[in-house]
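Trainee:
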Amino acid sequence: FAPGFVTPEEGEALQEAVRQGVIVMQSTRAGSGRVFPTTRARQAGFLPADNLTPQKARILLALALTVTQDPAEIERIFATY
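In this text, residue positions in the sequence shown follow the numbering used here: the first is 5, and each later residue adds one.
Here's what the structure looks like:
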């Protein structure tokens, strides 16, 4: 599902991952555009990757996790870079 949306089944699995402390970033493979945080995604604990492709978001998340596991700080890092 675009832009960065998941199926209901995927959403349930990702919410369980968030409950277990996994950082879940929401990104899109669309050619361009941003992923904005929806109310539902926020409630699920997903963080927006903004305009980064999944590949770039993965790299930035890996770097961010070397300095913090705080979702608010990771979101700030994504908003900055």
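Glycine included, every Cβ here is placed at the ideal spot set by N, Cα and C.
(1) Measuring CA to CA, which of Gly49, Ala21 and Ala34 is closest to isoleucine 78?
(2) Considering leucine 38, what are the terminal residues of the alpha helix (DSSP H) in which it resides?
(3) DSSP on glutamine 30, reduced to helix/strand/coil?
(4) I think methionine 29 touches alanine 53, with their Cβ atoms under 8 Å apart; what is that distance to the nearest whole Å?
(5) Report the residue from Phe82, Lys60, Gly15 and Ala83 whose alpha carbon sits nearest the alpha carbon of arginine 33.
Mentor: According to the structure shown:
(1) Gly49
(2) Strictly speaking, residue 38 in this sequence is arginine, with leucine absent from that position. Run containing arginine 38: none; DSSP gives neither H nor E here.
(3) strand
(4) 5 Å
(5) Lys60
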